[in-house]
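Novice:
Protein chains in written order, with our numbering: chain G, 2 to 144; chain A, 2 to 144.
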């Protein structure tokens, strides 16, 4: 397998919070809303969801669900937007965005539309990281 | 189970092409680019991906893959954008959009940004429907 490395644009835009079984867990630096990005640590030639094998896809589904539940239970989201886009950053990555009717993009999408915003306070970042590590690995398993 | 019915906005915006094992297969009426929408025929209370049970999720993954491969093999797409958004239409639905560097939204997303465009010619609609029925049910199974 070619060496996995995070795309420079993702490094620039995001905090790296954790590593789940398959994916790195990133958080967009713009704190206007909670915007996670999962980056499966797979071969760079795999750039689309349908190119993952079944085992990886099921793990990724579980990891998406962990973040979706986390956004709703601990970050005030009332809706979760999930997307695989990759028009600018071809490396396979999944957006998991917590949305509310009072967020600055509602009801539009966030991609290309989120205005500049504040950074996450370091204390809040640590809380999110700790909460994900405490519950993230176990709360999202589906039947 | 409550009666499944397609949201009026989806009826207005889309052609209904087919029914896969789990989902209705819609095609956005704007023919500027190929934009499929999968609507799982599940209880209306299920509005987010993480609320589906594991069996449904795996079928949905297969159905997403069928459309992604179809977009690349038969509709000229070089990239596939997949999303569950639902900020305006809460009914669970998945966008599967074929993208190219020469499409009118590239590299931005299509949601809320696709300019008005022509309708699909009826002959082309019939070709797409027939091609999906001929290959859609069998070409997308993952290992």
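For glycine and all other residues, C-beta sits at the position ideal for the given N, C-alpha and C.
For a quick check, are the C-beta atoms of residue 99 of chain A and residue 35 of chain A less than 7 Å apart?
Specialist: On the second chain, residue 99 of chain A is found 98 positions in, with the first residue counted as 1. On the second chain, residue 35 of chain A is found 34 positions in, with the first residue counted as 1. Yes, they are a contact pair.
Novice: Below 8 Å, can you find three or more Cβ-Cβ pairs linking the stretch 84-92 of chain G to the stretch 57-66 of chain G?
Specialist: They do not touch, by the three-pair rule.
Novice: Would residue 150 of chain A be called buried (16 or more neighbouring beta carbons within 10 Å of its own) or exposed?
Specialist: The question about residue 150 of chain A has no answer here: the residues shown for chain A are numbered 2 through 144.
Novice: By the criterion of Cβ-Cβ separation under 8 Å, what are the contact partners of residue 66 of chain G in chain A?
Specialist: Locating residue 66 of chain G in the first chain gives position 65, counting from the first residue. 50 and 51, listed in chain order.
Novice: With DSSP collapsed to three states, give me the class of residue 8 of chain G.
Specialist: By 1-based counting over the first chain, the position of residue 8 of chain G is 7. Coil, per DSSP.
Novice: Cα separation between residue 65 of chain G and residue 97 of chain G?
Specialist: On the first chain, residue 65 of chain G is found 64 positions in, with the first residue counted as 1. On the first chain, residue 97 of chain G is found 96 positions in, with the first residue counted as 1. Distance between the alpha carbons of residue 65 of chain G and residue 97 of chain G is about 7 Å.
Novice: In the DSSP assignment, find the alpha helix (DSSP H) that holds residue 66 of chain G and state where it starts and stops.
Specialist: Here residue 66 of chain G is taken as the residue at index 65 of the first chain, counted from 1. 55-75 is the extent of the alpha helix (DSSP H) around residue 66 of chain G.
Novice: Does any residue of chain A bring its CB to less than 7 Å from the CB of residue 84 of chain G?
Specialist: Translated into positions along the first chain, residue 84 of chain G becomes position 83. Yes, residue 84 of chain G lies at the interface with chain A (some Cβ there is under 7 Å from its Cβ).
Novice: Are the C-beta atoms of residue 69 of chain A and some chain G residue less than 7 Å apart?
Specialist: To locate residue 69 of chain A, count along the second chain from 1; it is residue 68. Yes, contact with chain G.
Novice: Looking at residue 118 of chain G and residue 32 of chain G, is the spacing between their C-beta atoms short of 7 Å?
Specialist: Residue numbering aside, residue 32 of chain G sits at position 31 when the first chain is read from its first letter. Residue numbering aside, residue 118 of chain G sits at position 117 when the first chain is read from its first letter. Yes, Cβ-Cβ distance for residue 32 of chain G and residue 118 of chain G is below 7 Å.
Novice: For residue 110 of chain G, go through chain A and note every residue whose CB falls closer than 7 Å to its CB, in chain order.
Specialist: As a working note, residue 110 of chain G is residue 109 in the first chain. 86, 110, 112 and 113, listed in chain order.
Novice: Which residues of chain G have a Cβ atom closer than 7 Å to the Cβ of residue 89 of chain A, listed in chain order?
Specialist: Walking along the second chain from the start, residue 89 of chain A turns up at place 88. Near residue 89 of chain A (Cβ distances below 7 Å), the residues of chain G are 108.
Novice: Quick check on this structure: which residue in G:52, G:136 and G:67 has the alpha carbon closest to the alpha carbon of residue 39 of chain G?
Specialist: To locate residue 39 of chain G, count along the first chain from 1; it is residue 38. For the residues G:52, G:136 and G:67, the minimum Cα distance to residue 39 of chain G belongs to G:67.
Novice: Smallest Cα separation from residue 13 of chain A: which of A:27, A:125 and A:93?
Specialist: Position 12 of the second chain holds residue 13 of chain A. It is A:27 whose Cα lies nearest to the Cα of residue 13 of chain A.
Novice: Going by DSSP, name the residue or residues bridged to residue 106 of chain G.
Specialist: Within the first chain, numbered from 1, the residue matching residue 106 of chain G stands at position 105. Residue 106 of chain G pairs with nothing; no bridge assigned.
Novice: Expressed to the nearest angstrom, what Euclidean distance is found between the alpha-carbon atoms of residue 138 of chain G and residue 123 of chain G?
Specialist: Position 137 of the first chain, counting from 1, holds the residue named residue 138 of chain G. Position 122 of the first chain, counting from 1, holds the residue named residue 123 of chain G. Caution is warranted here: a pLDDT of 48 is assigned to residue 138 of chain G, below 50, making its placement in the model unreliable, and the coordinate value is therefore given only provisionally. Using only the alpha carbons, I get a separation of about 23 Å.
Novice: How would you label residue 102 of chain G, buried or exposed, when you count the other beta carbons within 10 angstroms and need 16 or more for buried?
Specialist: Your numbering for residue 102 of chain G matches position 101 in the first chain. Counting Cβ neighbours within 10 Å, residue 102 of chain G comes out exposed, since fewer than 16 surround it.
Novice: Could you pull out every residue in the same chain whose Cβ sits closer than 8 Å to the Cβ of residue 30 of chain A, ignoring the five residues on either side in sequence?
Specialist: In the second chain, residue 30 of chain A corresponds to position 29, counting from 1. These residues qualify, in order along the chain: 14, 15, 16, 120 and 121.
Novice: When burial is assigned at 16 or more other CB atoms within 10 Å of the CB, is residue 91 of chain G buried or exposed?
Specialist: By one-based count along the first chain, residue 91 of chain G stands at place 90. Label assigned to residue 91 of chain G: exposed.
Novice: CA-CA distance, residue 108 of chain G and residue 133 of chain A?
Specialist: Start at 1 with the first residue of the first chain, and residue 108 of chain G comes out as number 107. Start at 1 with the first residue of the second chain, and residue 133 of chain A comes out as number 132. Rounded to the nearest angstrom, the two C-alpha atoms are 32 Å apart.
Novice: Any beta carbon from chain G within less than 7 Å of residue 81 of chain A's own beta carbon?
Specialist: Along the second chain, read from residue 1 onward, the residue named residue 81 of chain A stands at position 80. At least one chain G Cβ lies under 7 Å of residue 81 of chain A.
Novice: Using the beta-carbon count (16 or more within 10 Å), is residue 144 of chain G buried or exposed?
Specialist: On the first chain, position 143 is the one that residue 144 of chain G refers to. Any answer about residue 144 of chain G is weak, because its pLDDT of 40 lies below 50 and its placement is not dependable; what the coordinates show is given next. Exposed, by the Cβ-count rule.
Novice: Under a three-way DSSP split, which group does residue 140 of chain G fall into?
Specialist: Mapped onto the first chain, residue 140 of chain G falls at position 139. For residue 140 of chain G, the pLDDT reaches just 40, beneath the cut-off of 50, and the residue's location in the model is therefore unreliable, although a value from the coordinates is still provided. In this structure, residue 140 of chain G counts as coil in the three-state DSSP scheme.
Novice: Quick check on residue 94 of chain A: does DSSP put it in helix, strand or coil?
Specialist: In the second chain, counting from the first residue as 1, residue 94 of chain A sits at position 93. The answer is coil: DSSP assigns residue 94 of chain A none of H, G, I, E or B.
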